[in-house]
Each structure stands twice: as structure tokens, then as C-alpha cells.
Amino acid sequence: MRRVQDARVERRNVLVRVDFNVPIEKGKITDDFRIRAALPTIDFLRKKGARVILISHLGRPGGKSDRSLSLKPVKERLEKLLKRKVFFADDCVGEKAAEAVGRLKCGDVLLLENLRFHEGEKKNAARFVESLASLGDVFVNDAFGVSHRKHASVYGVAKRLKAYAGLLVQKEVRNLSLDRPRRPFVALVGGAKVEDKLGVLKRLVKKADAVLVGGAMMFTFLKASGVEVGKSLVDEGSIDEAKRLLRSKKVVLPIDVVLDSRDVVDVDSIPRQRKGLDVGPMTVQIFSSMLAQAGTVFWNGPMGMVEKSPFNKGTVAVARAIASSGCRSVVGGGDTVAAIPELRDEFDHVSSGGGAALEFVEGRKLPGLKVLE
Ligand code: ADP
Ligand code: MG
């Protein structure tokens, strides 16, 4: 991969794709993790004397301008984090963008408005790619979270300009490669989207020494092993694949669950009318002791319905176990750390990418990274 450290950026217009897709409620940014993650590349470029032009998407405006999805609040936060002025343009292409770029001095930072106000972004439309590319001399991808998308700002522009990987993208690749992990390598997988995660599970069963399964996902596996799970969430379409994965003997399933009634039962005693919403205390003990002894841990997906107390208990407990273990810990997935922000700093690497991180760990080539080779 070509790296930003090897690019000639001094006195040049450097177009940087960042992932500023942060949660905003009533105009307020509730979590600026992704903005912070982009700071090293921005600082690096500024100090090298580049004119830094940041482009990003926010939410799903559907190809039309939508004031509630403006990147303006991000500009404000970015100014606070960088402790310097950040310029802003109301459009990411066209005259407004070109004028704003024209006013930049070396070391200045400009943020352009939401890319997805234009239909061409998601469609990777040739004209939109051209308009974006015309703003920069060099392109840097630092938006790991969208690198699995063949969008104009990720893929099209990278093919059109000399393109490099930003510092965040490099860090993600280094950490998520999970090459030569310190053993034992324990994977912990949960969440609800079994189908989306089968690829990752397949890969982890090959690479890891043990794969602990929690979250709603556990019920698909339990059913695959012949256990009745009542009204718990099961992905029927994934049962055959779950059976195959179980044959590896590496998958470790919970032995007890917390029901929607808040009762705790063994996994083979879930009443017909009940559903499991969290892993039980005995399971937490087993998982925690395995995590404590691990050399490397990869974790994706909550152990239970984290949004609703007390069903977040299992997730918090395993997160603490990972944090206090001496292992190297790599965490990925959108909802995985959202529920436990206070523990985030305890992990060695928290991926800024949800779907992209999963595809990467699965071993798939991400189009946005492939063009940087
Ligand atoms: P991630 O975004 O971290 O990859 P997913 O999107 O796959 O994770 O899954 C997260 C969701 O799974 C959460 O909204 C959580 O409430 C839900 N979930 C976890 N365990 C259960 C369960 N036992 N029953 C129902 N939903 C669950
Ligand atoms: Mg999710």
C-alpha cells in the first residue's frame, strides 16, 4: 500500500477522504471518536505544508441536500480538537468548493459539505469523480470505515489521482490483519447479524484457537446443535453453516442465559414462551477466564441486548475481562463499543470501521484499499 508518508504534499492540494460519520442528536455531536481518529493524518499533512481538503459523508441524505445532515457541527468540533481555524464550504464540488480551495494557504484545513448530498457519490458517477478530483493534486484515503464501498470519494478519485493510505487506514490494516498473533488467540463474537458475520466466523475458526459465541447469534448455534431456544432470535438461514462451524470444535457456546423475564436458566432449559437476551453468569465466568489467559483477543458484537439494562451485564463483564487481561486486544464493530465508551481506552485497538472491519478480517480485499496498492 502506498503510504501518505511517501507522498509529496508540500504546497499541494491534498484531498483527504475521512470518515466523519458521527452520531448527532439535536445538532450536538454525541461521540467524536471518528473525528479524533482522523487527527494524526490531518496534523501530519498540515505540518508538511499541504493545503488539506477534507471530504466526508454523514448519514443517509439519499443524494439530496438535507440541512439536518450538514457537516457544519463537525467543522466546529474539529476546530476545537485541532485548536485552529477550519474553513468550510457549503458544497463539496462546483464553484463554492473551488473558491474555498483557492483561498487556502499552506497548512490550512478546509472541510467540504456532505458528499452524499450528491447522487454521484454512491454511484461513483464519472462526472462527480471528475469534479472531486479537480480539487486536489494528491488523494489520501483515511476513511477506513467506508473502504469496502466503491464510492466516488473512496474508489473513483483514488483511481484518478495519485493515491495514498492515511495514518488511520495504515493503523487499521496493521491491527486487523491479526498476523502471527500471540497464542492463545481467542475470538469473541456476538451481536445479531449472523448472516453478515458468517464469513468472519469461518475465518476466525481457522485462525483462532477458540471462538466464543454470545449475543443473539448464540441461539442460531444452539439450535444448530439441537437445543430448543424458545422465542430467542434465530437466523434459520444460517443453521447449516453454523453446524459446519461447530464441527471445527473451536466454537465455545454459552451454558446459561438471562431470559426476558430476567430469570437465569441453563441453555437447554429455555421455556417455549421466553427469549434469551444476555449470556448468563456462569458463561461470563468461563468466557472471562479464557479471555484472561489469551495472548490475543479479537472481539466483535455485544453479548446481549446492550441497549437495555440489565441485559448489558454480560457485555460489560467480558469487556472488563479483556481490559484486565494482558492480551493484545483488537475490537471491531459498530455497536460493540458504543455501549461501553468508558472502556474504550482499555483496548489496544478499537476499529473505526464496522462493516469494513468485518470484511477485512474475513480476508476480503476492500476496493478502497486495493486501489492504493
Ligand atoms: P455490531 O454492530 O457490533 O457488529 P450487531 O449489529 O451484529 O453488532 O448486533 C448488535 C445488536 O445485537 C444490538 O442492537 C443488540 O441489542 C443485539 N442483540 C445482542 N444480543 C441479543 C439477544 N440475545 N437478543 C436480541 N438482540 C440481541
Ligand atoms: Mg451493528
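Heads up, my numbering is the position in the sequence shown plus 22, with the first residue counted as 1.
Glycine residues also receive a C-beta, built at the ideal position from the N, C-alpha and C atoms.
Could you check what DSSP says for Lys94 in three-state terms: helix, strand or coil? Against the sequence shown, residue 94 aligns to sequence position 72. It is helical.
How close, in whole Å, do the beta carbons of Lys265 and Ala230 come, if the pair is a contact with beta carbons under 8 Å? Against the sequence shown, residue 265 aligns to sequence position 243. Against the sequence shown, residue 230 aligns to sequence position 208. Incorrect: roughly 19 Å between the Cβ atoms, too far for contact.
Strictly by DSSP, which residues pair up with Lys272? Reading the sequence shown from its first residue, position 250 is the one you call residue 272. For Lys272, which the question treats as bridged, DSSP gives no partner whatsoever.
Nearest-angstrom Cα separation, counted from Ala187 out to Thr337: Counting from 1 along the sequence shown, the entry for residue 337 is found at position 315. Counting from 1 along the sequence shown, the entry for residue 187 is found at position 165. Using only the alpha carbons, I get a separation of about 33 Å.
Reduced DSSP secondary structure (H/G/I, E/B, other) of Ala29: Counted from its first residue, the sequence shown places residue 29 at position 7. Correct three-state label for Ala29: coil.
Cβ of Asp41 within 6 Å of any heavy atom in ligand 4? This structure lacks ligand 4; its bound ligands are ligand 1 and ligand 2.
Ligand 2 heavy atoms versus the CB of Asp357: any closer than 6 Å? Residue 357 sits at position 335 when you count from the first residue of the sequence shown. Because some heavy atom of ligand 2 lies under 6 Å away, the Cβ of Asp357 counts as near it: yes.
Let me check you understand the geometry: is the CB of Pro324 closer than 6 Å to at least one non-hydrogen atom of ligand 1? Against the sequence shown, residue 324 aligns to sequence position 302. Answer for Pro324: yes, Cβ within range of ligand 1.
For the region 334-380, list the alpha helix (DSSP H) runs that are entirely contained and at least 4 residues long, ordered along the chain. 335-346 and 356-360
Do you know how far the Cα of Ala59 is from the Cα of Phe166? The count along the sequence shown starts at 1 and reaches residue 166 at position 144. The count along the sequence shown starts at 1 and reaches residue 59 at position 37. Using only the alpha carbons, I get a separation of about 10 Å.
Quick check on the DSSP output: the alpha helix (DSSP H) that includes Ile57 runs from which residue to which? Here residue 57 refers to the residue found at position 35 of the sequence shown. First-last of the alpha helix (DSSP H) with Ile57: Phe55 to Lys69.
Residues that Gly85 bridges to, as DSSP identifies them: Position 63 of the sequence shown, counted from the start, is the residue given in the question as residue 85. Per DSSP, none; premise fails for Gly85.
Would you give the residue range spanned by the beta strand (DSSP E) that Phe207 belongs to? As a first step, residue 207 is located in the sequence shown; it is residue number 185 there, counting from the start. Note, Phe207: beta strand (DSSP E), Phe207 to Val211.
Answer yes or no: the CB of Leu253 versus the heavy atoms of ligand 1, is any distance below 6 Å? Mapped onto the sequence shown, residue 253 falls at position 231. Here the sequence assigns Lys to residue 253, which means Leu is not the residue at that position. Flag unset: Cβ of Lys253 not near ligand 1.
8 Å Cβ shell around Arg202 - same chain, five flanking residues per side excluded: For this step, residue 202 is matched to residue 180 along the sequence shown. None.
Proximity test, Gly259 beta-carbon vs ligand 1 heavy atom, cut-off 6 Å: Translated into positions along the sequence shown, residue 259 becomes position 237. Incorrect: Gly259 has no Cβ contact closer than 6 Å to ligand 1.
Should Pro303 go down as buried or exposed, given a rule of 16 or more other Cβ atoms within 10 Å for buried? For the purposes of this step, residue 303 is taken as residue 281 along the sequence shown, with counting starting at 1. Classification of Pro303: exposed, given that the 10 Å Cβ count is below 16.
Report yes if the C-beta of Gln299 is less than 6 Å from at least one heavy atom of ligand 1; otherwise report no. In the sequence shown, the residue the question calls residue 299 occupies position 277. One detail in the question is off: residue 299 reads as Leu in this sequence, not Gln. Flag set: Cβ of Leu299 near ligand 1.
Confirm the yes/no value for this check: CB of Met327, any heavy atom of ligand 1, distance under 6 Å. Working through the sequence shown from its first residue, we reach residue 327 at position 305. Flag set: Cβ of Met327 near ligand 1.
Hey, would you say Val44 sits closer than 7 Å to Lys181, going by beta carbons? Along the sequence shown, read from residue 1 onward, the residue named residue 44 stands at position 22. Along the sequence shown, read from residue 1 onward, the residue named residue 181 stands at position 159. No, they are not a contact pair.
I'd like to know whether the C-beta atoms of Met239 and Val216 end up nearer to each other than 7 Å. The count along the sequence shown starts at 1 and reaches residue 239 at position 217. The count along the sequence shown starts at 1 and reaches residue 216 at position 194. Taking 7 Å as the Cβ cut-off, Met239 and Val216 qualify as a contacting pair.
From Val233 to Leu267, what does the alpha carbon distance come to, in whole angstroms? Residue 233 sits at position 211 when you count from the first residue of the sequence shown. Residue 267 sits at position 245 when you count from the first residue of the sequence shown. One C-alpha to the other measures close to 10 Å.
With hydrogens ignored, establish whether the beta-carbon of Lys335 is closer than 6 Å to any heavy atom of ligand 1. Position 313 of the sequence shown, counted from the first residue, corresponds to residue 335. No, the Cβ of Lys335 stays beyond 6 Å of every heavy atom of ligand 1.
At a cut-off of 6 Å, would you count Ala341 as near ligand 1, judging by its Cβ distance to the nearest heavy atom? Along the sequence shown, one-based indexing puts residue 341 at 319. No, the Cβ of Ala341 stays beyond 6 Å of every heavy atom of ligand 1.
Counting only runs of 3+ residues fully inside the region 97-159, write out the beta strand (DSSP E) ranges in chain order. 109-111 and 131-134
Buried or exposed, going by whether 16 or more other CB atoms sit within 10 Å of the CB of Gly375? Residue 375 sits at position 353 when you count from the first residue of the sequence shown. Its Cβ being crowded by 16 or more others within 10 Å, Gly375 is buried.
Are the CB atoms of Ser175 and Phe139 nearer to each other than 7 Å? Here residue 175 refers to the residue found at position 153 when the sequence shown is read from its first residue. Here residue 139 refers to the residue found at position 117 when the sequence shown is read from its first residue. No, they are not a contact pair.
In whole angstroms, what is the alpha-carbon distance linking Glu250 and Val38? Along the sequence shown, read from residue 1 onward, the residue named residue 250 stands at position 228. Along the sequence shown, read from residue 1 onward, the residue named residue 38 stands at position 16. Cα to Cα, the separation comes out at about 51 Å.
Evaluate the contact criterion for the region 81-98 versus the region 138-156: three or more CB pairs, one atom per stretch, below 8 Å. yes
Using only CA atoms, which one of Leu391, Leu103, Ala122 and Asp130 lies nearest to Lys69? Along the sequence shown, read from residue 1 onward, the residue named residue 69 stands at position 47. It is Asp130.
Simplified DSSP state of Val40, which is helix, strand or coil: Looking up residue 40 in the sequence shown gives position 18. Reduced to three states, the DSSP call for Val40 is coil.
For the alpha helix (DSSP H) that contains Phe320, what are its first and last residues? Walking along the sequence shown from the start, residue 320 turns up at place 298. Unbroken run through Phe320 is the beta strand (DSSP E), Thr318 to Asn322; no alpha helix (DSSP H).
Given 6 Å as the limit, tell me if Lys215 has its C-beta closer than that to any heavy atom belonging to ligand 1. Position 193 of the sequence shown, counted from the start, is the residue given in the question as residue 215. The answer is yes for Lys215.
Whose C-beta lies closer than 7 Å to the C-beta of Glu381 among residues of the same chain, with five residues either side of it excluded? For the purposes of this step, residue 381 is taken as residue 359 along the sequence shown, with counting starting at 1. Only His170 and Leu388 meet the Cβ criterion.
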